[in-house]
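Q: First, the structure itself, so that you have it in front of you.
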Amino acid sequence: MRFSKAFAAPLVRSAGFFLLFFSAAAMAAPYIPDTDDRILERLPFKANDPVARSMAQDRTKLQRDPTDVALAVSLARRYYELVAAEGDPRYLGYAQAALAPWWTLAEPPLEVQVLRASLAQFRHDFTGAIADLTQVLKRDPSHARARALRATIHIVQARYHQAHADCGALHRVATELIALGCEAMVDGLTGKADRAYRSLTDAMTRYPDAAPADRLWVLLRLAEIAQRQGHGAKAEMHFRQALDLRIPDTFLLAAYADYLLDQQRPTEVVAMLKEKRSSDSLLLRLVLAERRLNLPAAKERSETLAARFSAARMRGDSVHEQEEARFALEVYSDPAQALILARQNWQVQREPRDARIFLEAAKAAKDSSAAQPVLQWLADSRIEDRYLIQLAQQLTGATR
Numbered sequence: 551m552r553f554s555k556a557f558a559a560p561l562v563r564s565a566g567f568f569l570l571f572f573s574a575a576a577m578a579a580p581y582i583p584d585t586d587d588r589i590l591e592r593l594p595f596k597a598n599d600p601v602a603r604s605m606a607q608d609r610t611k612l613q614r615d616p617t618d619v620a621l622a623v624s625l626a627r628r629y630y631e632l633v634a635a636e637g638d639p640r641y642l643g644y645a646q647a648a649l650a651p652w653w654t655l656a657e658p659p660l661e662v663q664v665l666r667a668s669l670a671q672f673r674h675d676f677t678g679a680i681a682d683l684t685q686v687l688k689r690d691p692s693h694a695r696a697r698a699l700r701a702t703i704h705i706v707q708a709r710y711h712q713a714h715a716d717c718g719a720l721h722r723v724a725t726e727l728i729a730l731g732c733e734a735m736v737d738g739l740t741g742k743a744d745r746a747y748r749s750l751t752d753a754m755t756r757y758p759d760a761a762p763a764d765r766l767w768v769l770l771r772l773a774e775i776a777q778r779q780g781h782g783a784k785a786e787m788h789f790r791q792a793l794d795l796r797i798p799d800t801f802l803l804a805a806y807a808d809y810l811l812d813q814q815r816p817t818e819v820v821a822m823l824k825e826k827r828s829s830d831s832l833l834l835r836l837v838l839a840e841r842r843l844n845l846p847a848a849k850e851r852s853e854t855l856a857a858r859f860s861a862a863r864m865r866g867d868s869v870h871e872q873e874e875a876r877f878a879l880e881v882y883s884d885p886a887q888a889l890i891l892a893r894q895n896w897q898v899q900r901e902p903r904d905a906r907i908f909l910e911a912a913k914a915a916k917d918s919s920a921a922q923p924v925l926q927w928l929a930d931s932r933i934e935d936r937y938l939i940q941l942a943q944q945l946t947g948a949t950r
């Protein structure tokens, strides 16, 4: 099976944001209306949207035959991919509902199990996701989507050796661009950033006809590597190239917003995100930009985001901890709470942005000892991230 679609595009959180904000709506029991004409909610589709019509038709068919596994998988995957595009976590609940007849089976159909793993990683149930994916790969070692997703989760949790092994296996089952991109993700986090950047740049040149989704994914990796190395102009070039593809993608917007905030360009963030408030990730960045500009809307949006975080804690939902730590530090100026959240988040995921908020919170709290897990990760991984290295030096007084 050759896997040509960008493997990380639907992962909204991997080596980026894959994954992420699971709302109460996504976990709620299905509501049965008392009349056929009752409006349940208005999803972000236009009335004449062909995607909306197609999905509505599929939902109707699935209601008639809920055991049609091919249709259920197709519909669930479309909902899942909408999360990446729209940032609205309610779609995850719809995806799970479509798969309900097989959801609790020990060995469901392969594609159901892969989707179950995908949804699990959104909830930060990485252990459950890895278990499902490992079982899928025992049943079908050539399953590219399962292999890629497992590699991504290994990267998110800083298990680089295991990730590299899965990336290597992708050469046999995925496009060369995706396999090289996977390996470059690992290299870019383990002291081989120059090699990773050259590999991805060469691959983009060699595969000019690659699918737009694949190109988007590679451009984002190039932007990340350039940004970590302090090459701002290159990073912005790659971000702009990715935006020019006109593919709706929450992670792209969030990553570019972070870049703009670091460049002290909040006005551009507001213009880009003012209509993107359904995603907690994007709402956070909008709040940060509006606060820097002293805009009146910042207060109300901050209260909205605080309420979302509070509701998540009441549900026992921990997927917001990295973003909530940043919110606590930058909006509430509460480094102690930010440090608690950042430490808890680090137990689950260990990407550069997770390290950044941990180090920033420790610095603000004047507690260098609290940052030891991240400092150890910096030393072990040999990541070439100028800002993280600078933060570490400020915390320890050491040179590197």
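Just so you know, we're using the working numbering here: the sequence shown kicks off at 551 and counts up by one.
All residues carry an ideal CB built from backbone N, CA and C; glycine is no exception.
1) Given this structure, state the Cα-to-Cα distance separating R778 from P616, to the nearest angstrom.
2) For A776, report the span of its alpha helix (DSSP H) as first-last.
3) Less than 8 Å between the C-beta atoms of S838 and L811, yes or no?
4) Am I right that F676 and Q712 are in contact with their C-beta atoms under 8 Å? What's the rounded C-beta distance?
5) Which ranges does the alpha helix (DSSP H) cover as unbroken runs of at least 4 residues, wholly within the stretch 660-705, from first to last along the chain?
6) Please state the DSSP three-state secondary structure of Q899.
7) Can you name, in chain order, every residue of its own chain whose Cβ lies under 7 Å from the Cβ of D690, other than the five neighbours on each side?
8) To the nearest angstrom, report how far apart A861 and R628 are at their CA atoms.
9) Measuring only the C-alpha atoms, how far is S624 from S749?
10) Within its chain, find whatever has a CB closer than 6 Å to the CB of A701; leave out the 5 residues flanking it on each side and keep chain order.
11) Pick helix, strand or coil for E910, following the three-state DSSP scheme.
12) Only counting the same chain, and skipping five residues up and downstream in sequence, which positions put a Cβ closer than 8 Å to that of L665?
13) Which term fits R520, buried or exposed, when burial requires 16 or more other beta carbons within 10 angstroms of its beta carbon?
14) To the nearest angstrom, report how far apart T725 and T946 are at their CA atoms.
15) Helix, strand or coil: which one does DSSP assign to A933?
16) Identify which residue in D808, Y809, S829, L938 has its Cα closest to the Cα of L632.
17) Hey, could you find the ends of the alpha helix (DSSP H) T617 is sitting in?
18) Apart from the five residues on each side of it in sequence, which residues of its chain come closer than 7 Å, Cβ to Cβ, to R697?
19) Which residues in the same chain have their Cβ closer than 7 Å to the Cβ of L885, if we skip the five residues on either side of it in sequence?
20) Run through DSSP, which three-state label would F866 get?
21) For A929, is the classification buried or exposed, using 16 other Cβ atoms within 10 angstroms of its Cβ as the cut-off for buried?
22) Kindly indicate the opening and closing residues of the alpha helix (DSSP H) around S829.
23) Between the stretch 768-775 and the stretch 733-752, do at least 3 Cβ pairs fall closer than 8 Å?
24) Quick one: residues in its chain with C-beta nearer than 7 Å to the C-beta of N952, no 5 flanking neighbours on either side, listed in chain order?
25) State the start and end residues of the unbroken alpha helix (DSSP H) segment that holds Y641.
26) Tell me the residue span of the alpha helix (DSSP H) that contains Q707.
27) May I have the straight-line CA-CA distance separating Q944 from G643, to the nearest angstrom?
28) Can you tell me whether K784 is helix, strand or coil according to DSSP?
29) Is R796 helix, strand or coil when you go by DSSP?
30) G738 by DSSP, collapsed to three states: which one?
31) Rounded to a whole number of angstroms, what is the C-alpha to C-alpha distance between I589 and A606?
32) Quick check on the DSSP output: the alpha helix (DSSP H) that includes T817 runs from which residue to which?
33) If contacts are defined as beta-carbon pairs under 8 Å, then F908 and R932 qualify, I think. What distance do you get, rounded to the angstrom?
34) Roughly how many angstroms lie between the CA atoms of D935 and G780, to the nearest whole one?
35) Which same chain residues end up closer than 7 Å to K784 when comparing Cβ atoms and leaving out the 5 residues on each side of it in sequence?
A: Looking at the coordinates:
1) 47 Å
2) 762-778
3) Per the sequence shown, residue 838 should be read as Leu rather than Ser. Note that the C-beta distance between L838 and L811 is below 8 Å.
4) Contact doesn't hold; Cβ gap of about 12 Å is too wide.
5) 660-672, 676-689
6) coil
7) L660
8) Spanning the two alpha carbons is a distance of roughly 27 Å.
9) Each residue's CA atom was taken as its position, placing S624 and S749 some 34 Å apart.
10) A713, D716, C717, C732
11) helix
12) V623, A626, R627, Y630, A645, L649
13) This structure leaves residue 520 out entirely; the chain is present only between 551 and 950.
14) Going by the C-alpha atoms only, they are around 44 Å apart.
15) According to the sequence as given, residue 933 is Ile; it is not Ala. Looking at I933 - three-state DSSP - the assignment turns out to be coil, as it is neither helix nor strand.
16) S829
17) Element bounds for T617: n/a, residue is neither H nor E.
18) L687, D716, A719, L720, V723
19) Checking the displayed sequence, the identity of residue 885 turns out to be Pro instead of Leu. Within the same chain, P885 has close Cβ partners L879, A911, A914, A915.
20) Looking at the sequence itself, residue 866 is Gly, so the reference to Phe does not match. Three-state DSSP puts G866 in coil, outside helix and strand.
21) If you draw a 10 Å sphere on the C-beta of A929, you find fewer than 16 other C-beta atoms in it, and that means exposed.
22) Careful: S829 lies outside any alpha helix (DSSP H) and carries neither H nor E.
23) yes
24) Because residue 952 is not part of the residues shown, which for the chain are 551 to 950, the question remains open.
25) 640-648
26) That residue, Q707, is in no alpha helix (DSSP H); it is neither H nor E in DSSP.
27) 43 Å
28) helix
29) coil
30) Residue state, collapsed to three classes: helix.
31) The pLDDT assigned to I589 is 40, lower than 50, so where the model puts this residue is not dependable; a value taken from the coordinates is nonetheless given after this. C-alpha separation (whole angstroms): 14 Å.
32) 816-823
33) The Cβ separation is near 18 Å, so there is no contact.
34) If you draw a straight line from the Cα of D935 to the Cα of G780, it is about 8 Å long.
35) A776
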